[in-house]
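*Asks:*
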Amino acid sequence: MNKRLGISVHGMAEFSHVISRTPHDMDVWHYHADFEIYFQSGGSRYMFYDTRRYLLKRGAVAVFRPYELHYGESADLGDYERYVVNFSEEYIKKVLGSEEKAADILSQIKSGIFYLSESQTAFVSILFDELERVQEKKIVCNDMIFGCQN
Numbered sequence: 192m193n194k195r196l197g198i199s200v201h202g203m204a205e206f207s208h209v210i211s212r213t214p215h216d217m218d219v220w221h222y223h224a225d226f227e228i229y230f231q232s233g234g235s236r237y238m239f240y241d242t243r244r245y246l247l248k249r250g251a252v253a254v255f256r257p258y259e260l261h262y263g264e265s266a267d268l269g270d271y272e273r274y275v276v277n278f279s280e281e282y283i284k285k286v287l288g289s290e291e292k293a294a295d296i297l298s299q300i301k302s303g304i305f306y307l308s309e310s311q312t313a314f315v316s317i318l319f320d321e322l323e324r325v326q327e328k329k330i331v332c333n334d335m336i337f338g339c340q341n
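The sequence shown begins at 192 in the numbering used here and counts up one residue at a time.
#1: Should the segment 298 to 305 be called in touch with the segment 262 to 272, which here means at least 3 C-beta pairs below 8 Å?
#2: Please report the residue range of the alpha helix (DSSP H) in which A294 lies.
#3: On the DSSP letters alone, give me the boundaries of the alpha helix (DSSP H) that V209 sits inside.
#4: Tell me whether the segment 216 to 223 and the segment 288 to 298 touch, counting them as touching only if at least three CB pairs, one residue from each stretch, are closer than 8 Å.
#5: Which value, in whole angstroms, describes the spacing of the CA atoms of D216 and R324?
#6: If you run the structure through DSSP and keep just helix, strand and coil, what is K284?
#7: I think V275 touches E327, with their Cβ atoms under 8 Å apart; what is that distance to the nearest whole Å?
#8: Can you have a look at F314 and say buried or exposed, based on whether 16 or more other CB atoms are within 10 angstroms of its CB?
#9: Please state whether the Cβ-Cβ distance between Y356 and Y237 is less than 8 Å.
This is the structure we're talking about:
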């Protein structure tokens, strides 16, 4: 059985969590107009980016700037768990309340595949789990966290 949770808020920020027990290969190489942070929290997948194939296992993080082509495909038996956050420049401007601060922070985001230590992986897993719990509760602060327009 596959578990999927996702939220898309007016094109400003998206959050998704997938637990898959079956193989899944993306149909095509793709890109986003926004930034993407992909966190492999379980199992393994291949990520194709910048003419290379990376094996993503628990603790791998893939970061893509807008319009960077990438592609994901199953590894081994296909079991995997991952979180993805996509966010726009406009969302960061809104959260920070400053175009200058947003531009400074976004200019420092580097694309690539990174591997966390086990303690870092455990910490990031807790953060994503909490983000999912907040989204599922649909509490008042969702507007601030997910960038909803009032």
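We put the CB at the ideal spot given by N, CA and C, even for glycine.
*Replies:* According to the data block:
#1: They do not touch, by the three-pair rule.
#2: By 1-based counting over the sequence shown, the position of residue 294 is 103. Membership of A294 in the alpha helix (DSSP H) is indicated by the continuous run E290 to S298.
#3: Position 18 of the sequence shown, counting from 1, holds the residue named residue 209. For V209, there is no enclosing alpha helix (DSSP H); the residue is found in the beta strand (DSSP E) stretching over A204 to S211.
#4: Note that the segment 216 to 223 does not touch the segment 288 to 298; fewer than 3 beta-carbon pairs, one per stretch, sit closer than 8 Å.
#5: On the sequence shown, position 25 is the one that residue 216 refers to. On the sequence shown, position 133 is the one that residue 324 refers to. In this structure, the CA atom of D216 is about 28 Å from the CA atom of R324.
#6: Taking the sequence shown and counting its residues from 1, one reaches residue 284 at position 93. Helix.
#7: Here residue 275 corresponds to residue number 84 of the sequence shown, with the count starting at 1. Here residue 327 corresponds to residue number 136 of the sequence shown, with the count starting at 1. About 16 Å separates the two Cβ atoms, so there is no contact after all.
#8: By 1-based counting over the sequence shown, the position of residue 314 is 123. F314 sits exposed, since fewer than 16 C-beta atoms from the chains shown fall within 10 Å of its C-beta.
#9: This structure cannot speak to residue 356, because the chain is shown only from 192 to 341.
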